[in-house]
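Residue numbers (our numbering): -14 to 321. Only one structure is covered here, and it is reproduced in the block below.
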Amino acid sequence: MSTGTTGRAHAAVLAVDGGNSKADVALVAGDGTLLAFARGPSISHQAVGLERGMANLAALTREAAGTAATPIADVAVYCLAGADLPSDVRLLRRGIGRLGLTPELEVLNDTFAVLRAGSHRPWGIGLVCGQGINGAGVAPDGRTARFDGLGPISGDWGGGGGLGGDAIAAAVRGQDRRGPRTILERLVPEHFGHRTPLALSRALYLGRLDDVRLSSLAPVVFGAAVGGDAVARRIVDRLADELVAMASALLRRLRLTRLDPDVVLGGGIFGTDDPAFYARIETGVREVAPAAMIVRLAAVPVLGAALIGLDRRSPTGAAEPATAERLRAALAEYAG
């Protein structure tokens, strides 16, 4: 989908938020006016391959701009899933650069978009918890820190995939008596159309189910936890503790523990309504940074990419409050 008034004003910033399932593009004027917005398929080199991803990006930017002519803005900020290692960033910069969309471009991990979209300042902590998990931080002086986000091989656990894997394990162990009994013994196999946890695990082993679908178990786990199942609650607590560990590490590495940083929570998992989950995160974060504020992201992350671009253009290093609020209000209709 697309909307906008491109052509009536000059686009200062091309902002792109690219996830594994979709991509959002915004064209923004220097005063924060939203000129165009478009949403389309993934541009992730990991999800669809670099060639197809760049073709999707070219089509999406043409849709937003209403023309194939380039350049379409002064600068572009791409906040992308899969921009994990320096080699990923170099690959993406080369691929995007060949499209000639803007004379200047910056490629960042998508965690930075979440942080900037949820905070009214260009610094703080951003935690992403969707299918996977990651975090990033920016200090007031511009120093940054984040994690590689490569999964278990880089020490990561969490997101929908982590919850789903633990839920299946708990269901099997409850059924065969290696672990405590849990309502997950019934709910988990039912979710995938199987009668027992063992039947489900065998189907996964034999390749009859795509294990990426494990992330779809997250609402099941949270529902069981809210309903009082002790095993499900331990799984949810483990996720909260992992998020606290990420935030705490970033706060310490960037020396933010004595400041009042926003800790922005973004990603599908944070759509859940579980007060105990959020309370555990807040308590854990404030043990490290007592003045920290927990913020659940309500805006589309592409707002963060656009604000980063506007920040870069400002002599103070931060977009003017009126400029940022104008853009925030304009993009509010695309949230949710």
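Virtual Cβ for every residue (Gly too), placed ideally from N, Cα, C.
Along the chain, where does the beta strand (DSSP E) containing residue i start, and where does it finish?
| i | result |
| --- | --- |
| Tyr263 | Here Tyr263 belongs to no beta strand (DSSP E); instead the alpha helix (DSSP H) covers Pro260 to Val273. |
| Ile118 | Ile118 to Val123 |
| Gly25 | Leu19 to Pro26 |
| Arg323 | What is shown of the chain runs -14 to 321, which leaves residue 323 out entirely. |
Throw me the rounded Cβ distance for the residue i and residue j pair, which I believe falls under 8 Å.
| i | j | result |
| --- | --- | --- |
| Thr87 | Ala61 | 4 Å |
| Pro182 | Val216 | Wrong, their Cβ atoms sit about 12 Å apart, outside the cutoff. |
| Ala21 | Leu35 | Contact doesn't hold; Cβ gap of about 25 Å is too wide. |
| Asp141 | Ile118 | 6 Å |
| Leu172 | Ala209 | 6 Å |
| Thr257 | Asp214 | Not really, about 15 Å apart at Cβ, beyond 8 Å. |
| Ser29 | Ala66 | 5 Å |
| Ala90 | Thr46 | What sits at residue 90 in the sequence shown is Leu, not Ala. Their Cβ separation, rounded to whole angstroms, is 12 Å, which puts Leu90 and Thr46 out of contact at 8 Å. |
| Leu312 | Arg101 | Contact flag wrong, Cβ pair sits at about 11 Å. |
Name the two residues that bound the continuous alpha helix (DSSP H) containing residue i.
| i | result |
| --- | --- |
| Ile293 | Val287 to Arg298 |
| Thr308 | Pro306 to Leu316 |
| Asn41 | Leu35 to Ala50 |
| Leu76 | Pro71 to Gly82 |
| Arg218 | Ala215 to Arg238 |
| Leu244 | Leu244 -> no alpha helix (DSSP H), and no H or E assigned at all. |
| Thr96 | Asp95 to Gly103 |
| Ala152 | Gly144 to Gln160 |
| Ala209 | Ala203 to Val211 |
Using three-state DSSP, classify residue i as helix, strand or coil.
| i | result |
| --- | --- |
| Ile57 | coil |
| Leu183 | helix |
| Gly0 | The sequence as given places Ala at residue 0; Gly does not occur at that position. If DSSP states are grouped into helix, strand and coil, Ala0 belongs with the strands. |
| Gly256 | helix |
| Gly251 | strand |
| Ile168 | coil |
| Gly111 | strand |
| Arg198 | helix |
| Ala188 | helix |
| Ala14 | coil |
| Ala130 | strand |
| Ala8 | strand |
Would you kindly check if the distance between the Cβ of residue j and the Cβ of residue i is under 8 Å?
| i | j | result |
| --- | --- | --- |
| Ala156 | Glu170 | yes |
| Val285 | Val229 | no |
| Gly80 | Met39 | yes |
| Val205 | Val248 | no |
| Leu84 | Leu148 | no |
| Ile254 | Gly103 | no |
| Gly289 | Asp296 | no |
| Gly120 | Ala276 | no |
| Gly136 | Ser200 | no |
| Asp16 | Leu70 | no |
| Ala274 | Pro306 | no |
| Val10 | Cys64 | no |
Cutting at 6 Å between CB atoms, please list the residues of its own chain near residue i, excluding the five before and the five after it.
| i | result |
| --- | --- |
| Gly122 | Ile110, Ala130, Leu235 and Leu239 |
| Asp259 | Phe207 and Val211 |
| Gln158 | The identity of residue 158 in the sequence shown is Arg, whereas the question assumes Gln. Cβ within range, chain order: Gly164. |
| Ala315 | Leu19 |
With a threshold of 7 Å on Cβ separation, who are the neighbours of residue i within its own chain once the five nearest residues in sequence on each side are excluded?
| i | result |
| --- | --- |
| Gly(-8) | Note that Gly(-8) scores a pLDDT of 44, beneath 50, so its modelled location is shaky and nothing firm can be said. |
| Val99 | Gly111, Val113, Val249, Gly251, Leu282, Pro286 and Gly289 |
| Leu185 | Ile153, Val173, Pro174, Phe177 and His179 |
| Glu267 | Ile279 |
Leaving aside the five residues before and after residue i along the sequence, list all residues of the same chain whose C-beta is less than 8 Å from its C-beta, in chain order.
| i | result |
| --- | --- |
| Ala68 | Val74, Leu77, Val92, Leu93, Asn94 and Asp95 |
| Ala322 | Since the first residue shown for the chain is -14 and the last is 321, residue 322 is missing from the structure and cannot be characterised. |
| Lys7 | Arg24, Gly25, Pro26 and Ser27 |
| Thr(-10) | The predicted model places Thr(-10) with a pLDDT of 46, which falls under 50 and marks its position as unreliable, so this point remains unresolved. |
| Val33 | Pro26, Ser27 and Asn41 |
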